[in-house]
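Chains as they are written, first to last, in the working numbering: chain A, 1 to 112; chain B, 1 to 114.
Note that the Cβ used here is the ideal one computed from N, Cα and C, for glycine as well.
Following: one structure in structure tokens, then a few remarks.
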Amino acid sequence: QQQVKQSPQSLIVQKGGISIINCAYENTAFDYFPWYQQFPGKGPALLIAIRPDVSEKKEGRFTISFNKSAKQFSLHIMDSQPGDSATYFCAASPSGYSTLTFGKGTMLLVSP
Amino acid sequence: ETGVTQTPRHLVMGMTNKKSLKCEQHLGHNAMYWYKQSAKKPLELMFVYNFKEQTENNSVPSRFSPECPNSSHLFLHLHTLQPEDSALYLCASSPSTSGTYEQYFGPGTRLTVT
Numbered sequence: 001q002q003q004v005k006q007s008p009q010s011l012i013v014q015k016g017g018i019s020i021i022n023c024a025y026e027n028t029a030f031d032y033f034p035w036y037q038q039f040p041g042k043g044p045a046l047l048i049a050i051r052p053d054v055s056e057k058k059e060g061r062f063t064i065s066f067n068k069s070a071k072q073f074s075l076h077i078m079d080s081q082p083g084d085s086a087t088y089f090c091a092a093s094p095s096g097y098s099t100l101t102f103g104k105g106t107m108l109l110v111s112p
Numbered sequence: 001e002t003g004v005t006q007t008p009r010h011l012v013m014g015m016t017n018k019k020s021l022k023c024e025q026h027l028g029h030n031a032m033y034w035y036k037q038s039a040k041k042p043l044e045l046m047f048v049y050n051f052k053e054q055t056e057n058n059s060v061p062s063r064f065s066p067e068c069p070n071s072s073h074l075f076l077h078l079h080t081l082q083p084e085d086s087a088l089y090l091c092a093s094s095p096s097t098s099g100t101y102e103q104y105f106g107p108g109t110r111l112t113v114t
């Protein structure tokens with residue numbers, strides 16, 4: 001049973017456009033929702049994270065939107081750049097425990 | 001060396017071989033993790049260690065055997081693997097498993113089983 005569903009599987013966006021990746025979860029015990037970015041040949045690295053007490057968190061061009069009632073959260077990349085081309089994973093962990101459940105990943109390609 | 005390192009970066013082994021993957025973290029963390037990353041699948045958590053003690057084993061076949069001699073080192077011993085075990089094996093660390101912490105990943109070992 002996949003506990004974190006991520007879509008789309010792949011995404012092509014033009015430079016300067018907005019990239020949107022969506023995730024949905026089932027486990028109501030989850031209360032920490034990070035996004036990881038992975039470049040080829042590298043391990044995933046934390047990009048941005050949110051907790052359910054806020055509905056939005058912004059760091060530079062990256063924004064997480066969170067809808068607790070719908071059990072959904074999304075990553076928005078504003079002014080997408082070719083250097084943002086990578087695989088993005090959403091994840092979730094329960095309160096007080098650092099074990100993460102990951103989505104399947106979204107391969108983003110930003111065309112010049 | 002900084003962060004989390006993994007060796008070897010690439011490994012090709014036959015189904016009857018025995019090999020080991022090594023992970024070392026230079027971050028002073030106490031928790032370490034092994035993940036399996038296959039194409040079009042979520043990262044699969046395999047094992048979790050906290051202060052050298054195994055706290056989680058997600059129904060991993062016995063042909064994978066982890067070892068954590070201290071908080072800085074983690075090994076994954078491999079024997080009698082199957083072709084479907086070919087994947088990228090990632091190691092990660094965090095300050096602890098108790099509490100919500102960022103996990104820091106190594107670059108992974110690309111394993112091919114022939």
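Chain-ordered chain B contacts of residue i [CB-CB under 9 Å]
i: residue 74 of chain A; result: By Cβ distance, chain B contributes nothing, its closest Cβ being about 17 Å from residue 74 of chain A, past 9 Å.
i: residue 10 of chain A; result: What residue 10 of chain A touches in chain B: nothing, since even the nearest Cβ is about 10 Å away.
9 Å Cβ cut-off: residues of chain A touching residue i
i: residue 98 of chain B; result: 96, 97, 98
i: residue 107 of chain B; result: 41, 42, 43
i: residue 45 of chain B; result: 99, 100, 101, 102
i: residue 87 of chain B; result: Those within 9 Å of residue 87 of chain B in chain A number zero; the least Cβ separation is about 14 Å.
Candidates the options, of which the one nearest residue i by Cα
i: residue 112 of chain B; options: B:7, B:12, B:3; result: B:12
i: residue 77 of chain B; options: B:94, B:4, B:8, B:51; result: B:8
i: residue 28 of chain B; options: B:106, B:99, B:95; result: B:95
i: residue 85 of chain A; options: A:26, A:29, A:31, A:37; result: A:37
i: residue 66 of chain B; options: B:10, B:3, B:2, B:21; result: B:21
i: residue 103 of chain A; options: A:92, A:112, A:110, A:96; result: A:92
i: residue 32 of chain A; options: B:83, B:99, B:59, B:44; result: B:99
i: residue 67 of chain A; options: A:76, A:77, A:75, A:55; result: A:55
i: residue 53 of chain A; options: A:95, A:9, A:7; result: A:95
i: residue 70 of chain B; options: B:6, B:105, B:31; result: B:31
i: residue 65 of chain A; options: A:42, A:22, A:46, A:87; result: A:22
i: residue 88 of chain A; options: A:16, A:42, A:27; result: A:42
i: residue 7 of chain A; options: A:63, A:90, A:62; result: A:90
i: residue 69 of chain A; options: A:24, A:46, A:112; result: A:24
i: residue 39 of chain B; options: B:56, B:86, B:73, B:60; result: B:86
Amino acids of chain B, ordered along the chain, whose beta-carbon sits closer than 7 Å to that of residue i
i: residue 103 of chain A; result: 42
i: residue 93 of chain A; result: 100
8 Å contact criterion, which residue i and residue j should meet: CB distance rounded
i: residue 80 of chain A; j: residue 4 of chain A; result: That pair is no contact at about 23 Å.
i: residue 90 of chain B; j: residue 108 of chain B; result: 5 Å
i: residue 114 of chain B; j: residue 55 of chain B; result: About 33 Å separates the two Cβ atoms, so there is no contact after all.
i: residue 75 of chain A; j: residue 62 of chain A; result: 7 Å
Interface partners of residue i on chain B, CB under 8 Å
i: residue 32 of chain A; result: 100
Beta carbon of residue i nearer than 7 Å to that of residue j
i: residue 15 of chain B; j: residue 34 of chain B; result: no
i: residue 19 of chain A; j: residue 100 of chain A; result: no
i: residue 37 of chain B; j: residue 106 of chain B; result: no
i: residue 77 of chain A; j: residue 59 of chain A; result: no
i: residue 98 of chain A; j: residue 49 of chain B; result: no
i: residue 110 of chain B; j: residue 88 of chain B; result: yes
i: residue 82 of chain A; j: residue 112 of chain A; result: yes
i: residue 79 of chain B; j: residue 18 of chain B; result: yes
i: residue 4 of chain B; j: residue 59 of chain B; result: no
i: residue 72 of chain B; j: residue 25 of chain B; result: yes
Chain-ordered neighbours of residue i on chain A, where CB pairs are closer than 8 Å
i: residue 12 of chain B; result: By Cβ distance, chain A contributes nothing, its closest Cβ being about 17 Å from residue 12 of chain B, past 8 Å.
i: residue 78 of chain B; result: Neighbours of residue 78 of chain B on chain A: none; closest Cβ ~19 Å, over 8 Å.
i: residue 90 of chain B; result: 43, 44
i: residue 25 of chain B; result: The premise fails here: residue 25 of chain B is roughly 12 Å from chain A at the closest Cβ pair, so nothing lies under 8 Å.
Beta-carbon neighbours of residue i, restricted to chain A and to distances below 7 Å
i: residue 94 of chain B; result: 98
i: residue 48 of chain B; result: 99
**OP:** Compile a chain-ordered list of the residues in the region 36 to 56 of chain A whose CB is closer than 9 Å to at least one CB of chain B.
**Re:** Per Cβ criterion, the list reads 36, 38, 41, 42, 43, 44, 45, 46, 49, 51.
Subject >> Members of the region 53 to 75 of chain B near chain A, C-beta cut-off 7 Å >> reply: Residues of the region 53 to 75 of chain B with a C-beta less than 7 Å from any C-beta of chain A: 56, listed in chain order.
Subject >> Residues of the region 63 to 90 of chain A with Cβ closer than 8 Å to any Cβ of chain B, in chain order >> reply: Here the close residues are 89.
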